[in-house]
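What follows is a single structure, written as structure tokens, with notes after it.
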Amino acid sequence: MILAGHIDTVPIADNVPSRLDADGVLWGCGTCDMKSGVAVQLRIAATVPAPNRDLTFVFYDNEEVAADLNGLKHVAEAHPEWLEGDFAVLLEPSDGQVEGGCQGTLRVLLRTSGERAHSARGWMGANAIHAAAPILARLAAYEPRRPVIDGLEYREGLNAVGITGEWPATSSPTSASSPSTSATPRTAARRRPWPMCARCSRTAG
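Taking my numbering, I'd label the letters of the sequence shown as residues 4 to 208.
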């Protein structure tokens with residue numbers, strides 16, 4: 004039997020303080036996703052020294068980021084035998100229910116170009132980050148579909164998740180890149196995100 008859970012969280016933000024209420028409720032980054040499950044694994048490991056079944060505990064990192072960094076992926080590639088079992092439980096806080104809200108993702112990297120100039124004389128060049136403004140405006144104006152599949156309502160998402168300018172702060176960037184993600188229900192429309200991404204790409208020139 005395999006018990007598995009990820010030990011990382013999304014980056015801590017100032018708007019997510021940690022506290023323990025008088026009634027025993029713990030608030031903080033990771034308390035729901037999914038350090039409670041990790042705590043259960045550790046408790047079992049500490050208090051059941053001689054289980055009547057073979058137990059494998061899997062604690063992995065980088066669940067919250069790109070798949071190529073995911074620790075579970077590395078374990079599966081290097082030691083697939085560690086993940087062999089008749090039964091496995093991923094200790095996510097699902098309350099024993101089937102979670103039907105998973106969506107597929109598409110990641111797109113858009114690049115804009117500019118012309119170098121000192122930041123004190125920006126009019127002498129072209130700022131590549133500023134050139135990305137129409138792209139961001141399109142993303143902000145995007146109206147997500149809300150398809151219903153097998154009685155469940157899903158909501159698409161299209162988001163910019165970062166922007167970088169490839170030049171020192173004293174100069175106008177000659178190149179800028181912005182990664183975007185699109186979340187689409189897998190069975191709704193396999194090619195649905197591409198038209199919007201293509202329009203953003205044309206806007207970027």
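Glycine is no exception: its CB is placed at the ideal position from the N, C-alpha and C atoms.
Option nearest residue i by Cα separation, candidates the options
i	options	result
Thr12	Ala81, Val41 and Glu80	Val41
Glu67	Ile10, Pro176, Val101 and Ser180	Ile10
Ala143	Ala49, Ala135, Asn162 and Arg22	Asn162
Ile166	Ala136, Asn65, Leu58 and Ser174	Ala136
Any non-hydrogen atom of the ligand HEM within 7 Å of residue i CB
i	result
Gly107	Ligands in the displayed structure: none, and consequently the ligand HEM is not present.
7 Å CB neighbourhood of residue i in its chain, flanking five on each side removed
i	result
Ala70	Lys76
Ser174	Arg119, Ala120, His121 and Ser122
Ala48	Phe60
For residue j and residue i, believed in contact at Cβ under 8 Å, the rounded distance
i	j	result
Phe62	Gly99	Not quite, the Cβ-Cβ distance comes to about 22 Å (not below 8 Å), so this is no contact.
Leu72	Ala79	The Cβ separation is near 13 Å, so there is no contact.
Buried/exposed call for residue i, threshold 16 Cβ in 10 Å
i	result
Asn55	exposed
Gly33	buried
Leu113	buried
Ser97	exposed
Leu155	exposed
Ala179	buried
Terminal residues of the beta strand (DSSP E) in which residue i lies
i	result
Ala163	Gly160 to Ala163
Ile5	Ile5 to His9
Gly107	Gly107 to Ser116
The alpha helix (DSSP H) enclosing residue i, as first and last residue numbers
i	result
Arg46	Lys38 to Thr50
Own chain partners of residue i with C-beta closer than 6 Å, once the 5 adjacent residues on each side are dropped
i	result
Asp36	none
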